[in-house]
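Colleague:
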Amino acid sequence: MGRITLDKVSKSFGDVEVIPPLDLTIEDGEFTVFVGPSGCGKSTLLRLIAGLEDITSGQIRIDGADATNVPPAKRGLAMVFQSYALYPHMTVRKNIAFPMKMAGIDQAEQDRRIDAAAKALNLTDYLDRRPGQLSGGQRQRVAIGRAIVREPAAFLFDEPLSNLDAALRVGMRLEISELHERLKTTMIYVTHDQVEAMTMADKIVVLQAGVIEQVGSPLDLYERPCNKFVAGFIGSPKMNFIEGEEAAELGATTIGIRPEHISISTTEGQWKGTVGVAEHLGSDTFLYIHSDVSPSETMTVRVDGEFSARHGDTVYLTPRAERIHKFGADGLRIE
Amino acid sequence: MATQHSRSSARLMMAPAVVLLLGWMLVPLTMTLYFSFKKYLPLRGGDLGWVGFDNYARFLTSSAFWPSVQTTLVIVGGVLAITVVLGIFLAILLNQPMWGQGMVRILVIAPFFVMPTVSALVWKNMFMDPNYGLLAHLWKLFGATPVEWLSQASLPSIIMIVSWQWLPFATLILLTAIQSLDSEQLEAAEMDGALAHKRFAYITLPHLGRAITVVILIQTIFLLSIFAEIFVTTGGAFGTKTLSYLIFQRVLESQNVGLGSAGGVYAIILANIVAYFLVRIVGKNLDA
Amino acid sequence: MARSIAPRRKAINTLLAWSVGFLIFFPILWTILTSFKTEAAAIANPPVFIGFDWTLENYQAVMERSNYSRFLWNSIVIAGGSTVLGILIAIPAAWSMAFVPSKRTKDILLWMLSTKMLPAVGVLYPIYLLFIKFGMLDTKIGLMIVLMLINLPIIVWMLYTYFKEIPGEILEAARMDGATLREEVIYILTPMAIPGIASTLLLNVILAWNEAFWTLNLTAAKAAPLTAFIASYSSPEGLFYAKLSAASTMAIAPILILGWFSQKQLVSGLTFGAVK
Ligand SMILES: Nc1ncnc2c1ncn2[C@@H]1O[C@H](COP(=O)(O)OP(=O)(O)O)[C@@H](O)[C@H]1O
Ligand SMILES: [Mg+2]
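Protein chains in written order, with the working numbering: chain P, 2 to 336; chain A, 32 to 319; chain E, 17 to 292.
(1) Would A:T148 count as contacting chain E if we go by Cβ distances under 8 Å?
(2) Would you mind listing the alpha helix (DSSP H) stretches within the region 82-122 of chain P that are 4+ residues and don't spill past its ends, in chain order?
(3) State yes or no: is the beta carbon of E:E188 nearer than 8 Å to at least one beta carbon in chain P?
(4) Closest by CA to E:V221, which one among A:D85, A:I190, A:V145?
(5) Give the residues whose C-beta lies closer than 5 Å to at least one heavy atom of ligand 1, in chain order.
(6) State yes or no: is the beta carbon of E:L272 nearer than 8 Å to at least one beta carbon in chain A?
(7) Using DSSP bridges, identify the partner residues of P:D203.
(8) In chain E, which residues lie less than 7 Å from P:Y88 when you measure between Cβ atoms?
(9) Candidates P:F308, P:H281, P:P219, P:M300: which alpha carbon is nearest P:I256's?
(10) Using the Cα positions of E:L223 and E:P63, report the straight-line distance between them to the nearest angstrom.
(11) Helix, strand or coil for P:E280, going by three-state DSSP, please let me know.
(12) Go to A:D85, then tell me how far its beta strand (DSSP E) extends in each direction, as first and last residue.
(13) Would you mind stating whether A:T103 and A:V263 have Cβ atoms separated by less than 8 Å?
(14) Would A:I300 pass as a contact of A:I209 if the rule is Cβ separation under 8 Å?
(15) Say the cut is 7 Å; is the CB of P:E160 nearer than that to a heavy atom of ligand 2?
(16) Can you name the residues that DSSP bridges to P:A154?
(17) Less than 8 Å between the C-beta atoms of A:A167 and A:I204, yes or no?
(18) If the cut is a Cβ gap below 7 Å, which residues of chain E does P:F99 touch?
(19) Skipping 5 residues on each side, what residues in its chain have a beta carbon closer than 7 Å to that of A:A302?
(20) If you follow the beta strand (DSSP E) that A:K69 is in, where does it begin and where does it stop?
(21) Identify the contact partners of E:P183 in chain P, using a Cβ-Cβ distance below 8 Å as the criterion.
(22) How about E:F150: is its C-beta nearer than 8 Å to some C-beta of chain A?
(23) Short of 8 Å Cβ to Cβ, which residues in the region 29-58 of chain P face chain A?
(24) For A:L18, tell me which candidate among A:R281, A:F269, A:L52 has the shortest Cα-Cα distance.
(25) Is P:P226 close to chain A, meaning its C-beta is less than 8 Å from at least one C-beta of that chain?
(26) Applying the 10 Å Cβ sphere with the 16-neighbour rule, what's the burial state of A:W81?
(27) I'd like the span of the beta strand (DSSP E) that includes P:N241, first residue to last.
(28) Three-state secondary structure (DSSP) at P:G15?
(29) Do you know how far the Cα of P:V302 is from the Cα of A:S211?
(30) Taking the alpha-carbon positions, what's the A:P47 to P:M201 distance?
(31) Ordered along the chain, which non-local residues of its own chain (more than five positions away) have a Cβ less than 8 Å from that of E:S250?
(32) Using a beta-carbon distance below 8 Å, is P:A109 in contact with chain E?
(33) Pop quiz: E:L205 and E:L187 are said to be a contact at Cβ under 8 Å. What is the actual Cβ separation, rounded to whole angstroms?
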């Protein structure tokens, strides 16, 4: 079980309010991702849930019981840190065994769980090594192993993949997702990378300056971002924003259109522009286009890999009308 | 890291060290203050009653007081100057590529391990003795009259002995600091056309700032209270009486605890003045 | 620097450095050499360096004159005991300062250090009286406590600089893993800081071993360590150079050897975190 409820939880460091009072419920078994730009308070929020920081006001409940003043060890949560925080003087086996040793679990059971975790995480051959002798990915797996064996009510991850190289990151992302499928335990996962958020989450919590901007499933956020911030943050490449006349025509201050929802032609279309840079990724091509409708920023358009365009070419863009997002002067979505 | 719980544990865990040091500071200090206002001669009648500020006045006006403050400052200042300057020179030398660097380090660090009583005795007898000392032999070799080091040049001699003991400390810290200097910085400066002495003045020396601070801080702490080196060599004669030593004589040799205690209070004040300046410098230079 | 240094320059450096090193080490070398001479050879004019008849008679004489092994034992117990005691008290304090810093942490550290500047003579008599009152005069335990107190600030500071290098996340991980504060310090912090603790231990053993104010003034016969053993040679008898040298060699040899073996760790600790 692992249903976590935050009730008007706030956090200040001295006079600085990092997290204004917020409410949030994380359902049992859910994979929740906190996403937001660096410094927005994701780690702080996670540490409040973990009990590593005191909350300034409000209440945290775990499975209905008030956990506000419960020390971290007693909350039944396991955490995987960005730096992995492995114990450098212990072997992998000892690292994984440590939480069980602290809990006083008997040796036979410890061994059973270590072996199971090692097998699941491909660590069997490394159990007698020290963390210093492992690669980044292996260290990451040890940190996860140490979390699993406690059989926690929920897992907390703080940017666990940010120290890995790009290729490894994709692999570990899948492994963590699979772990969740298998264990069905609540997981809270912090990242600043919206791709991780989109691919892993059941539920995404978008944060900015300690405030929850929107909560929803990845597709919810993609299709119906509730404000300009979420619209710009979710989706890659970023949504194009257009202001002025074009927006006013649709009764909005700003309209947004995602790069993949614009069709392009060399002969005719709604907006005229010239190609600035073309990035050929093989499967896709991203075109950065200078256009009068968006004088301040280039517009990004995603086209097929086969589409050929060069710097200076004139192109015509047509947004798909049903995919246009409208935002008011306050930045909020207009239906 | 900082929850209410961890903060209160922190206070609890700090308590033994803080309480012990506070006791170590306050209890004897209070007693010293108490004695300083008394005429107290343990071997000649014991406690002879309150005398107000008499001891303070007597200590301050005694002909030995100001010279002893001066001696203290000269020794501390002299040793600091010698060890820092020679230390920088040695650190730069030892940082050059050479054969057997590890062995040279072992030779250089050795005096630091020698107890002050031993080094004072060895220097006094086997080097500075005007008849049999090695330095006397050396002087005679060049046809000069041997110097009576500890009487004719007593203060420089003591400064020399103490510098010999502390030079290793300064050298090793400065060497570690120089080794931590990013060689790319020096190479960049060289590319920019900075000459060796400019590179030293603008890159190496500023980089050594923190290390020099530590050397000065730690050495001052120990130098203010040097005792054995004077006790063994001159016994405070020939103008080598530091404030500490003067007090030591009042308390132990003339058994005048009241007077000695008043001196002790002066010494504590002097130490606090020095500490105040040091702590300000160090506090700025070290993000302790 | 991956530049080839002219061998000539390297040779000059080597020569210069070895000369300076030899010069600095010479007083110790001379003492050791003299300890193997006869008294006559020790004051020979001109002095002899190597070509004398080596003898052990001085060591024998020193052993007969005083009970070296008791002084040595006292030194070991006092220096070791005060250091271990100090470290046990300093570890929790340094933990607090490094991992739960507050606005006052820096002030407390500097205050601790400033207690070291209190002139010992200023409080000698009071301490003397207290020692008599508590029956601690000329006892090992009494000296152990005093030396622990005078070195405590240094120990706290050194441990603090080492602990600060340990990422707080690892201690937090232990906390999440269910470790109590005590378990966190015993199973995680202390083992991780072993190198730092070792070099703190070494430096303070050396400082305590060589401490020569309190050890001279608070001991008589029973608890006197090697500093007192050697001070007994400061009387005119000290003019027996060879015996003085033998006694000196015996007094410094243990710590000199310990220091040489551990100079790497020592140096890192001595910088008090000011030099990375
Ligand atoms: N212990 C602390 N003391 C003071 N300010 C802090 C502390 N920890 C975090 N902050 C501040 O809180 C804000 C949120 O930090 P954090 O939660 O680490 O952001 P994120 O993980 O989203 O990058 C930042 O502005 C940071 O400077
Ligand atoms: Mg973070």
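Ideal placement from N, C-alpha and C gives every residue a C-beta, glycine not left out.
Modeller: This is what the structure holds:
(1) One-based indexing of the second sequence puts residue 148 of chain A at position 117. Yes, contact with chain E.
(2) With a minimum length of 4 residues, the continuous alpha helix (DSSP H) runs that stay inside the region 82-122 of chain P are 93-104, 108-121.
(3) For the purposes of this step, residue 188 of chain E is taken as the residue at position 172 of the third sequence. With 8 Å as the cut-off, E:E188 counts as an interface residue toward chain P.
(4) Along the third sequence, read from residue 1 onward, the residue named residue 221 of chain E stands at position 205. Of the candidates A:D85, A:I190, A:V145, the one whose C-alpha sits nearest the C-alpha of E:V221 is A:V145.
(5) Spelled out in chain order, the answer is P:F14, P:V19, P:S39, P:G40, P:C41, P:G42, P:K43, P:S44, P:T45.
(6) Indexing the third sequence from 1 puts residue 272 of chain E at position 256. Chain A contact via Cβ: present.
(7) Your numbering for residue 203 of chain P matches position 202 in the first sequence. Partner(s): none; P:D203 has no beta bridge.
(8) What you label residue 88 of chain P is simply residue 87 of the first sequence in a count that begins at 1. Contact annotation for P:Y88 against chain E: I186, I204 [CB-CB distance below 7 Å, chain order].
(9) Residue 256 of chain P sits at position 255 when you count from the first residue of the first sequence. Closest option to P:I256, Cα to Cα, is P:M300.
(10) Residue mapping note: residue 223 of chain E aligns to position 207 of the third sequence, counting from 1. Residue mapping note: residue 63 of chain E aligns to position 47 of the third sequence, counting from 1. E:L223 and E:P63 have their C-alpha atoms some 34 Å from each other.
(11) Counted from its first residue, the first sequence places residue 280 of chain P at position 279. P:E280: strand per DSSP, three-state reduction.
(12) The residue labelled residue 85 of chain A in the question sits at position 54 within the second sequence. Counting along the chain, A:D85 sits inside no beta strand (DSSP E); it lies in the alpha helix (DSSP H) bounded by residues 85-92.
(13) Position 72 of the second sequence, counted from the start, is the residue given in the question as residue 103 of chain A. Position 232 of the second sequence, counted from the start, is the residue given in the question as residue 263 of chain A. For A:T103 and A:V263, no; Cβs fall outside 8 Å.
(14) For the purposes of this step, residue 300 of chain A is taken as the residue at position 269 of the second sequence. For the purposes of this step, residue 209 of chain A is taken as the residue at position 178 of the second sequence. Contact flag unset, no.
(15) Sequence index remark: in the first sequence, residue 160 of chain P carries index 159 (1-based). Yes, ligand 2 has a heavy atom inside 7 Å of this Cβ.
(16) On the first sequence, position 153 is the one that residue 154 of chain P refers to. Paired residues: none, contrary to the question.
(17) Here residue 167 of chain A refers to the residue found at position 136 when the second sequence is read from its first residue. Here residue 204 of chain A refers to the residue found at position 173 when the second sequence is read from its first residue. No, they are not a contact pair.
(18) Against the first sequence, residue 99 of chain P aligns to sequence position 98. D193, listed in chain order.
(19) Start at 1 with the first residue of the second sequence, and residue 302 of chain A comes out as number 271. Closer than 7 Å at the Cβ level, and outside the excluded window around A:A302, lie L255.
(20) As a first step, residue 69 of chain A must be located in the second sequence, where it is residue number 38. Bounds of the beta strand (DSSP E) holding A:K69 are 69-72.
(21) The count along the third sequence starts at 1 and reaches residue 183 of chain E at position 167. Under the 8 Å cutoff, chain P gives S84, A86.
(22) One-based indexing of the third sequence puts residue 150 of chain E at position 134. Not one chain A Cβ lies under 8 Å of E:F150.
(23) Listed by position, the residues of the region 29-58 of chain P near chain A (Cβ gap below 8 Å) are G52, L53, E54, D55.
(24) Within the shown structure, residues of chain A are numbered from 32 to 319, placing residue 18 of chain A beyond reach of any answer.
(25) Working through the first sequence from its first residue, we reach residue 226 of chain P at position 225. No, because no Cβ of chain A sits closer than 8 Å to the Cβ of P:P226.
(26) By 1-based counting over the second sequence, the position of residue 81 of chain A is 50. That one is exposed.
(27) Taking the first residue of the first sequence as position 1, residue 241 of chain P is located at position 240. From DSSP, the beta strand (DSSP E) with P:N241 extends over 241-244.
(28) Within the first sequence, numbered from 1, the residue matching residue 15 of chain P stands at position 14. If DSSP states are grouped into helix, strand and coil, P:G15 belongs with coil.
(29) By 1-based counting over the second sequence, the position of residue 211 of chain A is 180. By 1-based counting over the first sequence, the position of residue 302 of chain P is 301. Roughly 50 Å separates the two Cα atoms.
(30) As a position in the second sequence, residue 47 of chain A is number 16, starting the count at 1. As a position in the first sequence, residue 201 of chain P is number 200, starting the count at 1. Approximately 50 Å, taken between the alpha carbons.
(31) If you number the third sequence from 1, residue 250 of chain E lands on position 234. For E:S250, where only same-chain residues beyond five positions count, there are no Cβ hits under 8 Å.
(32) Within the first sequence, numbered from 1, the residue matching residue 109 of chain P stands at position 108. Closer than 8 Å: no.
(33) Numbered from 1 along the third sequence, position 189 holds the residue referred to as residue 205 of chain E. Numbered from 1 along the third sequence, position 171 holds the residue referred to as residue 187 of chain E. E:L205 to E:L187, Cβ: 7 Å. Contact.
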